[in-house]
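Chains A and Z, in that order, give the protein sequences. So the first sequence is residues 131 to 708, counted in the numbering used here. So the second sequence is residues 131 to 708, counted in the numbering used here. Even for Gly, the Cβ is constructed at its ideal location relative to N, Cα and C. Quantities reported herein were computed from a predicted structural model and do not represent experimental measurements. Just below is one structure, and these are the notes that go with it.
2 protein chains.
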Amino acid sequence: MPAVYGELVKIYKKLEKHYKDMQDIEFTVENKKLWMLQTRSGKRTAKASIKIAVDMVKEKLINKDEALLRIDPKMLDTLLHPTLDPKADKDIIAKGLPASPGAASGKITFSADDAEILKSQNQKTILVRLETSPEDIHGMHASEGILTCRGGMTSHAAVVARGMGKPCVSGSGNIQIDYESKNFKVNGRVFKEGDIITIDGSSGEVMSGEVKTIKPDISGDFSTIMSWADNAREMKVRTNAETPLDTKVAREFGAEGIGLCRTEHMFFDEERILYVRQMILSKSREDRNIALRKILPFQKKDFKEIFTIMNGLPVTVRLLDPPLHEFLPKSDEEISSVALSLSISEKEIKDRISDLHEENPMLGHRGCRLAISYPEIYEMQCEAIFEALIECKKEKIKVLPEIMIPLIATGQELEILRELVDKKALEVTRKYNQKLDYLVGTMIELPRAALNAKDIAKYADFFSFGTNDLTQTTLGISRDDAGKFLDDYVDNNIFKVDPFVSIDVNGVGQLVELACSNAKKNKPKIKLGICGEHGGDPDSIQFCQKAGLNYVSCSPYRVPIARLSAAQAKILSKKKVN
Amino acid sequence: MPAVYGELVKIYKKLEKHYKDMQDIEFTVENKKLWMLQTRSGKRTAKASIKIAVDMVKEKLINKDEALLRIDPKMLDTLLHPTLDPKADKDIIAKGLPASPGAASGKITFSADDAEILKSQNQKTILVRLETSPEDIHGMHASEGILTCRGGMTSHAAVVARGMGKPCVSGSGNIQIDYESKNFKVNGRVFKEGDIITIDGSSGEVMSGEVKTIKPDISGDFSTIMSWADNAREMKVRTNAETPLDTKVAREFGAEGIGLCRTEHMFFDEERILYVRQMILSKSREDRNIALRKILPFQKKDFKEIFTIMNGLPVTVRLLDPPLHEFLPKSDEEISSVALSLSISEKEIKDRISDLHEENPMLGHRGCRLAISYPEIYEMQCEAIFEALIECKKEKIKVLPEIMIPLIATGQELEILRELVDKKALEVTRKYNQKLDYLVGTMIELPRAALNAKDIAKYADFFSFGTNDLTQTTLGISRDDAGKFLDDYVDNNIFKVDPFVSIDVNGVGQLVELACSNAKKNKPKIKLGICGEHGGDPDSIQFCQKAGLNYVSCSPYRVPIARLSAAQAKILSKKKVN
């Protein structure tokens with residue numbers, strides 16, 4: 131029916147022109163006559179979606195703003211990571227949460243150390259854990275992907291994996307791990323260490339054996355769209371990164387600075403954790419200082435590496451945040467090894483662990499509270515930042531450090547700690563006879579800080595909303611424990627979405643807006659940003675534009691999503707004004 | 131020098147009349163001539179302070195309002211509890227926090243069960259623990275006083291002891307308990323189980339041996355002042371109580387109702403904890419309901435007892451609040467005993483304990499979240515309340531139950547749970563063909579609830595500010611862990627006082643005021659109260675008056691303090707208006 135076919139093409143062209151979008155049409159042919167039944171905008175893959183948008187601009191059917199609004203930012207994730215070959219067979223053995231996108235295969239390994247050993251033998255591994263903790267970071271780096279039995283979309287494993295751009299399936303509750311026998315059971319089947327599995331962090335599926343994957347293909351259209359987005363947006367996009375690798379990836383993805391460099395991740399490195407432990411186990415300020423002197427050169431090197439990669443762009447360094455007990459050894463084996471290395475008794479270590487134990491570590495002795503008790507920790511960190519800055523200057527590397535104090539609740543805390551930073555800067559300035567440029571600011575991550583933003587702003591050059599913790603405290607929900615009831619909440623329509631994924635506008639959002647407007651009363655030009663997980667969520671980015679933030683910061687692999695979302699937010703805000 | 135003496139008396143009378151207060155004068159006599167050097171209002175004990183105030187009103191030197199303002203409410207505490215005989219010798223072995231006033235002596239005992247056994251033999255004990263938990267309640271009841279090594283002014287031991295009116299010294303960090311050997315070491319001395327010690331919960335001192343105490347003497351002047359206070363105040367004073375004993379004490383002290391009856395304390399009772407555990411270990415709603423049916427008669431009996439004591443006065447019953455894991459057995463011994471009693475495997479119990487484990491239980495699966503997941507728990511509790519109400523009615527006991535839903539963060543939660551309560555009320559109404567009078571309200575203890583008070587008020591007859599939890603979430607400080615850094619904060623003048631003792635006006639206070647004014651927009655006559663520890667703190671009571679609360683609720687032994695403080699608050703508020 132060539133006649134009908136020609137007619138169909140003509141009608142399609144008309145429809146496409148009318149609706150300014152690719153059409154999915156239904157038709158029938160009766161007695162050689164074409165009957166059009168229905169037409170609607172066609173569904174498409176991320177890649178197709180970008181191609182169609184770019185083509186339509188070329189064909190002058192739509193303008194660039196319209197093209198940018200046509201693309202769902204969340205779809206970009208699939209373009210940046212390997213995906214499962216749709217033609218491959220899959221033997222699905224379990225499901226979990228799609229915690230970090232991408233697909234990967236490897237040998238099952240149950241410990242971070244084993245993953246590292248296999249990596250050194252050029253073997254691919256999937257790290258399988260009940261849940262992960264900061265001590266597993268090296269194993270997460272060494273593996274192709276992470277699978278956990280416990281934890282939600284914002285568990286340690288999920289957050290860190292997204293930051294690393296590695297696939298992660300979290301909270302796969304049916305899997306029963308037996309660490310001793312080095313195997314896991316699921317639905318009656320047993321998988322041993324060394325068996326190969328595949329995980330798909332975009333769907334949450336876990337499969338037996340190796341399933342073929344397709345590499346990401348960032349075509350020319352992708353970068354065209356990104357450049358349009360960069361022209362359209364108003365908010366800057368930074369990244370949350372603290373390793374040279376993450377920092378490089380983020381810069382390649384278009385990050386315009388670091389919005390959150392978590393210095394504690396540097397403390398866990400094998401070379402220095404012993405000194406960190408020595409510091410924590412010290413009984414006097416003098417002894418703590420001796421240990422801190424040993425950490426200083428490492429911190430300085432860390433900062434210099436990151437400053438160098440970010441040459442010319444701002445780097446927000448968050449001073450130490452987690453409670454000190456997180457750094458102490460846990461197993462008896464580790465305790466006796468640390469006791470031997472530091473020539474102290476095991477009992478001393480166990481006593482200190484028991485001393486530092488907290489019922490609710492999230493609300494404990496952490497953040498700036500550490501520096502009120504032990505100012506020497508932040509003094510060492512500032513010295514490392516400023517010394518790194520001096521060395522970079524010599525090498526003509528332009529550094530814009532923004533020193534960020536976490537967990538501020540009152541103006542007095544920041545007044546005291548800003549003085550500490552400025553004093554250390556003055557010392558270094560005098561030592562090298564070099565002027566130092568830096569900003570000092572704070573995270574706003576407690577309701578009390580948001581409520582007292584006007585007072586706190588007196589001592590701050592910038593605010594960065596730490597919306598992970600602000601969500602935890604405002605809603606009274608522990609991110610680590612929310613998995614147990616959040617489904618019931620979404621089912622009952624109490625939350626439309628997980629408040630750790632998309633910002634809770636009526637609660638956390640109210641506090642952010644209040645803090646922004648109150649801060650500007652004392653400091654009209656204060657720099658405002660967000661560095662919680664929400665900084666990479668399209669809906670939350672819409673909110674950030676409305677709240678008047680200057681930048682969002684997100685994990686490296688979300689930077690392109692944030693660039694597009696920020697553009698959409700600006701375009702939509704113009705529309706509302708018109 | 132009788133001439134000079136007569137002159138002195140005359141001058142003193144003049145001074146007293148001029149300053150309208152007892153005077154502490156300094157004078158000297160030179161060459162038989164009297165020289166007056168200085169005069170100031172004299173310091174006095176609580177008892178003297180009350181006597182002077184009452185006498186001065188009788189002598190018409192001051193009016194009743196002035197008399198009430200002359201007495202420091204905090205001093206009343208010493209009048210209501212036994213104090214150490216100032217003449218007695220003291221062998222002080224340690225110091226801790228003055229966590230609950232009064233002095234007591236007894237034999238050292240290291241477990242709640244041992245305390246109960248000794249009590250049954252008419253022996254006096256002091257319960258010595260690292261820290262206490264809800265499972266120690268029966269031992270705390272059985273002992274004369276409590277001494278803990280860990281925990282602050284608002285630790286479990288401190289809060290419960292104050293509620294019970296028992297002396298408590300908490301956070302006595304130098305004491306090292308060895309539970310196994312049943313002794314404790316302090317500064318090189320060893321004290322064994324059975325040795326007698328004395329604690330002074332008003333000073334924080336711990337002494338070896340028995341130190342003589344003086345019984346409280348509530349004289350006629352005390353009740354005169356209290357009746358003046360009752361006439362002067364506007365805010366009602368309720369109590370936080372859930373045992374018949376506490377309820378009786380509170381009513382004797384003048385409580386005008388219960389502001390917080392914590393139903394979970396009833397769950398720990400030996401007779402019923404097994405059924406509670408059965409409920410938690412159940413795998414289906416049906417099985418949970420079978421266990422809950424067994425708890426129902428106990429809860430009904432509890433409520434009937436309390437309603438009867440509070441005949442004619444309102445009783446606010448808070449539905450179950452703590453996370454379920456708090457009720458599960460902890461030691462291996464307990465686990466195997468529970469496994470035996472319930473005919474399930476130990477592994478099943480251990481798995482459930484591991485399932486329910488939380489990183490931050492304060493921010494976990496608790497409060498109304500339990501009822502969103504397991505509505506049958508609140509259904510049982512409401513049935514018990516309404517059935518108790520029906521039975522009381524038959525006996526002509528007037529009951530005014532106010533059902534309080536904890537940890538609300540959103541209007542939707544309260545909408546769902548109010549419907550649950552109303553449905554259960556309708557069922558009972560139909561069954562007995564009796565009209566039921568009750569109120570349904572919520573605690574405001576999360577920043578998000580305060581921010582959304584207008585919406586939440588749609589479904590609430592009353593709000594009760596749970597300022598303990600509201601302080602924890604607004605400031606991001608765990609009450610149980612704050613002891614580790616709060617001293618540094620007070621030393622650095624960041625907090626003037628412990629925010630768990632006196633309300634943080636600039637943070638928590640802002641949220642309370644915001645919630646009050648927003649709630650009234652939707653419900654102008656909403657009843658507003660406070661049931662956090664602050665309800666018994668004089669400074670916080672001043673704040674409550676300003677915020678426009680209708681009542682404060684505090685532990686039984688603080689009721690007289692609250693009555694006087696509420697009177698002072700009202701008198702001062704009138705002064706400001708004039």
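Partner residues on chain A for T278 (chain Z), Cβ-Cβ distance less than 8 Å: By 1-based counting over the second sequence, the position of residue 278 (chain Z) is 148. Under the 8 Å cutoff, chain A gives no residues; its nearest Cβ is about 14 Å from T278 (chain Z).
Sequence ranges, alpha helix (DSSP H) only - wholly within the segment 194 to 227 of chain A, length at least 4: Considered as a whole, the segment 194 to 227 of chain A harbours 194 to 200, 206 to 210 as its complete alpha helix (DSSP H) runs of no fewer than 4 residues, in chain order.
For Y681 (chain A), the residue or residues it bridges with in DSSP: By 1-based counting over the first sequence, the position of residue 681 (chain A) is 551. For Y681 (chain A), which the question treats as bridged, DSSP gives the partners A:K366, A:G659.
Residues within the segment 574 to 596 of chain A neighbouring chain Z, beta-carbon criterion of under 7 Å: Within the segment 574 to 596 of chain A, the qualifying residues are L576, P577, R578, L581, N582.
Beta-carbon proximity check, D244 (chain A) vs E323 (chain A), cutoff 9 Å: As a working note, residue 244 (chain A) is residue 114 in the first sequence. As a working note, residue 323 (chain A) is residue 193 in the first sequence. A distance below 9 Å separates the beta carbons of D244 (chain A) and E323 (chain A).
Interface residues of chain A facing N622 (chain Z) [CB-CB closer than 9 Å]: As a working mapping, residue 622 (chain Z) is identified with position 492 in the second sequence. Going along chain A in sequence order, the residues near N622 (chain Z) (Cβ under 9 Å) are I502, Q542, E543, I546.
Beta-carbon proximity list for I546 (chain A), same chain, < 8 Å, skipping 5 on both sides: Walking along the first sequence from the start, residue 546 (chain A) turns up at place 416. Here the set comprises I502.
Sheet register partners of P444 (chain Z) (DSSP bridge): Residue numbering aside, residue 444 (chain Z) sits at position 314 when the second sequence is read from its first letter. In the DSSP assignment, the residues bridged to P444 (chain Z) are Z:L530.
Nearest candidate by alpha-carbon position, reference R482 (chain A), set A:N490, A:G269, A:A469: Counted from its first residue, the first sequence places residue 482 (chain A) at position 352. Nearest C-alpha to R482 (chain A): A:A469.
Cβ shell of R174 (chain Z) (< 7 Å), same chain only, five flanking positions each side left out: Numbered from 1 along the second sequence, position 44 holds the residue referred to as residue 174 (chain Z). Around R174 (chain Z): M152, I182.
Proximity of K194 (chain Z) and A362 (chain Z) at Cβ, strictly below 9 Å: Position 64 of the second sequence, counted from the first residue, corresponds to residue 194 (chain Z). Position 232 of the second sequence, counted from the first residue, corresponds to residue 362 (chain Z). For K194 (chain Z) and A362 (chain Z), yes; Cβs fall inside 9 Å.
Listed by chain order, chain A residues near K614 (chain Z) by CB distance under 7 Å: Here residue 614 (chain Z) refers to the residue found at position 484 when the second sequence is read from its first residue. Near K614 (chain Z) (Cβ distances below 7 Å), the residues of chain A are H495.
Length of the line joining the Cα atoms of T572 (chain A) and D207 (chain Z): Numbered from its first residue, the first sequence carries residue 572 (chain A) at position 442. Numbered from its first residue, the second sequence carries residue 207 (chain Z) at position 77. Distance between the alpha carbons of T572 (chain A) and D207 (chain Z) is about 42 Å.
Any chain Z beta carbon closer than 9 Å to S608 (chain A): On the first sequence, residue 608 (chain A) is found 478 positions in, with the first residue counted as 1. Chain Z contact via Cβ: present.
Simplified DSSP assignment, three categories, for V299 (chain Z): For the purposes of this step, residue 299 (chain Z) is taken as residue 169 along the second sequence, with counting starting at 1. Per DSSP, reduced to three states, the secondary structure at V299 (chain Z) is strand.
Whole-angstrom distance between Y504 (chain Z) and R415 (chain Z), CA atom to CA atom: To locate residue 415 (chain Z), count along the second sequence from 1; it is residue 285. To locate residue 504 (chain Z), count along the second sequence from 1; it is residue 374. Cα to Cα, the separation comes out at about 8 Å.
Any chain Z beta carbon closer than 9 Å to M152 (chain A): Your numbering for residue 152 (chain A) matches position 22 in the first sequence. Put simply, the CB of M152 (chain A) is far from chain Z, with every gap to its CB atoms at 9 Å or more.
Where the segment 412 to 424 of chain Z meets chain A: residues whose CB sits under 9 Å from a CB there: So nothing in the stretch comes that close.
Burial state of G339 (chain A) (16 or more Cβ within 10 Å): Indexing the first sequence from 1 puts residue 339 (chain A) at position 209. Under a 10 Å Cβ-count criterion, G339 (chain A) is classified as exposed, with fewer than 16 other Cβ atoms of the shown protein chains found around its own Cβ.
Cross-chain neighbours of Y619 (chain Z) in chain A, by beta carbon under 7 Å: Counted from its first residue, the second sequence places residue 619 (chain Z) at position 489. Chain A residues near Y619 (chain Z): I502.
Expected contact under 8 Å - CB spacing of K225 (chain Z) and S300 (chain Z) to nearest Å: Counted from its first residue, the second sequence places residue 225 (chain Z) at position 95. Counted from its first residue, the second sequence places residue 300 (chain Z) at position 170. Not really, about 11 Å apart at Cβ, beyond 8 Å.
Cross-chain neighbours of R259 (chain A) in chain B, by beta carbon under 8 Å: In summary, chain B is missing from the structure at hand, where the protein chains are A and Z.
Chain-order list of residues whose beta-carbon lies under 8 Å from that of V367 (chain Z) (same chain, five-residue window excluded): Stepping through the second sequence from its first residue, residue 367 (chain Z) is reached at position 237. Cβ neighbours of V367 (chain Z) beyond the five flanking positions: G384, A385, E386, Y681, V682, S683, C684, V689, A692, R693, A696.
Inter-stretch contact (C-beta, 8 Å, three-pair minimum) for the segment 268 to 285 of chain Z and the segment 591 to 611 of chain Z: Yes, the segment 268 to 285 of chain Z is in contact with the segment 591 to 611 of chain Z.
Buried versus exposed call for S230 (chain Z) [16 or more other C-beta atoms within 10 Å across all chains shown]: Start at 1 with the first residue of the second sequence, and residue 230 (chain Z) comes out as number 100. By the neighbour-count rule (16 or more Cβ atoms within 10 Å), S230 (chain Z) is buried.
Supposed contact pair M510 (chain A) and L375 (chain A) - C-beta distance, whole angstroms, cut 8 Å: What you label residue 375 (chain A) is simply residue 245 of the first sequence in a count that begins at 1. What you label residue 510 (chain A) is simply residue 380 of the first sequence in a count that begins at 1. The Cβ separation is near 25 Å, so there is no contact.
Same chain only: Cβ atoms within 8 Å of E274 (chain A), ignoring 5 sequence neighbours per side: Position 144 of the first sequence, counted from the first residue, corresponds to residue 274 (chain A). These residues qualify, in order along the chain: A234, S235, G236, K254, T255, I256, K296, P297.
Meets three-Cβ-pair contact criterion under 8 Å: the segment 663 to 674 of chain Z and the segment 153 to 173 of chain Z: Here the segment 663 to 674 of chain Z does not lie against the segment 153 to 173 of chain Z, with fewer than 3 beta-carbon pairs under 8 Å apart.
Sub-9 Å separation of L530 (chain Z) and L569 (chain Z) beta-carbons: Locating residue 530 (chain Z) in the second sequence gives position 400, counting from the first residue. Locating residue 569 (chain Z) in the second sequence gives position 439, counting from the first residue. Yes, Cβ-Cβ distance for L530 (chain Z) and L569 (chain Z) is below 9 Å.
Sufficient close CB pairs (3 or more, under 8 Å) joining the segment 534 to 554 of chain A to the segment 399 to 412 of chain A: No: the two stretches stay apart, fewer than three of their Cβ pairs being nearer than 8 Å.
The segment 345 to 359 of chain A / the segment 305 to 315 of chain A touching (three or more Cβ pairs under 8 Å): Between the segment 345 to 359 of chain A and the segment 305 to 315 of chain A there are fewer than three C-beta pairs closer than 8 Å, too few to call the two in contact.
Close beta carbons around K342 (chain Z), own chain, < 7 Å, minus the five adjacent residues each side: Numbered from 1 along the second sequence, position 212 holds the residue referred to as residue 342 (chain Z). Taken in chain order, the residues that qualify are D215, A218.
Cβ pair count under 8 Å reaching 3, the segment 632 to 650 of chain A against the segment 579 to 589 of chain A: The segment 632 to 650 of chain A is in contact with the segment 579 to 589 of chain A.
Any C-beta of chain Z under 9 Å from that of M673 (chain A): Here residue 673 (chain A) is taken as the residue at index 543 of the first sequence, counted from 1. Sequence check: residue 673 (chain A) is Phe here, not Met. Judged by the 9 Å Cβ criterion, F673 (chain A) is not in contact with chain Z.
L426 (chain Z) vs A514 (chain Z) beta-carbon contact at 9 Å: Numbered from 1 along the second sequence, position 296 holds the residue referred to as residue 426 (chain Z). Numbered from 1 along the second sequence, position 384 holds the residue referred to as residue 514 (chain Z). Between L426 (chain Z) and A514 (chain Z), the C-beta spacing is below 9 Å.
Rounded straight-line distance, which links the Cα of P536 (chain Z) to that of H89 (chain Z): One cannot answer for residue 89 (chain Z) here, as it falls past the ends of chain Z, which runs 131 to 708.
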